[in-house]
Each structure stands twice: as C-alpha cells, then as structure tokens.
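Below: the structure, in structure tokens.
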Amino acid sequence: MNTRTAPTPAVLAPPRGYDRDRWVSAVLASNLQRNQRHLALILAHRAGPSGELPAGGKHQEAGHLAGDMHLDPKRVRLVLTELELAGWIRRPDIHTWSPGYMVRPITLVFPVVADAPCADRTEPAHTGEPAS
4 MNTRTAPTPA VLAPPRGYDR DRWVSAVLAS NLQRNQRHLA LILAHRAGPS
54 GELPAGGKHQ EAGHLAGDMH LDPKRVRLVL TELELAGWIR RPDIHTWSPG
104 YMVRPITLVF PVVADAPCAD RTEPAHTGEP AS
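Spelled out as structure tokens, the structure:
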C-alpha cells in the first residue's frame, strides 16, 4: 500500500525572507560591479541564518572587511553604501544610530527588482485580429 502524501501549498510556496543560496544566486546574476559583488559574497558568508550581522560585530567593520578585500577601509565603506543604496543590504541610518561607538548591524535583503518575478511580456496579448 502506498501512503504518499501530497505536498501542501505551504510546502510548494517559494521561501520568503532570507535564504543564503537564493541571495547568493541573485547577487551572482546581478549587474553589481566587481567590488560590490565581492563584498556582498563576503557578507553572505559571514551572516547568520537570518541574514543578519549583529550590531557591534567585527565581521562587518570596514577595517576588518578591508583586510579580506585588499581595499582601503574608505573604499569598503563606499561599497557598503552602494550596496545599501542598491537595496542589497539594510542598515540603520548613521545619523540616528545610537550608540555611535558601535558598528551598525547589517541585514541582507533582496532588492525589489531581484525579488520580483520575471515578466516575459510587457505588451498586451495579441487579439488575433490583423493590424490596421
């Protein structure tokens, strides 16, 4: 007797939230520049299971990242800002971040464009009637 069960819609639904493999695939398929892609992959490697790098951690501190990337810490801070503006990471606003002595947390997120389903067609469907 076969006792297979059919998967429920929750099992079939694509995962929501952070998924490291899905995030890395999106980064690799993106049009990010080399330094942006490199830093994004380092952050993905260091992030926890929820895609978070906690406040005050040395893993997201620019000087520490600069050593891994062989870049100047100022350039690393610029690349972090570029990733944030492009929607790949989220950080608290630097002007409102308190305590100021602690490195801000980083959350890895999907940009709206990278997370949206691909649209195959942008024009209306053909009606079947000849064009006039």
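First residue of the sequence shown: 4, per the working numbering; consecutive thereafter. Cβ coordinates follow ideal geometry from the N, Cα and C atoms, glycine included. Keep in mind the model is a prediction, meaning the values are calculated, not measured.
- Annotated three-state conformation of isoleucine 97 is coil, per DSSP.
- DSSP places leucine 111 inside the beta strand (DSSP E), whose first and last residues are 109 to 111.
- With respect to leucine 46, isoleucine 109 sits close: the two C-beta atoms are nearer than 9 Å.
- DSSP lists Ile109 as the bridge partner or partners of leucine 56.
- DSSP places lysine 77 in the uninterrupted alpha helix (DSSP H) bounded by 76 to 88.
- By the 16-neighbour rule on beta-carbons within 10 angstroms, leucine 88 is exposed.
- Boundaries of the alpha helix (DSSP H) around glycine 66: 65 to 72.
- With contacts defined by Cβ atoms closer than 9 Å, valine 106 and lysine 77 do not form a contacting pair.
- Residues of the same chain with a CB within less than 7 Å of the CB of valine 27, apart from the 5 flanking positions on each side, are Leu44, Ala47 in chain order.
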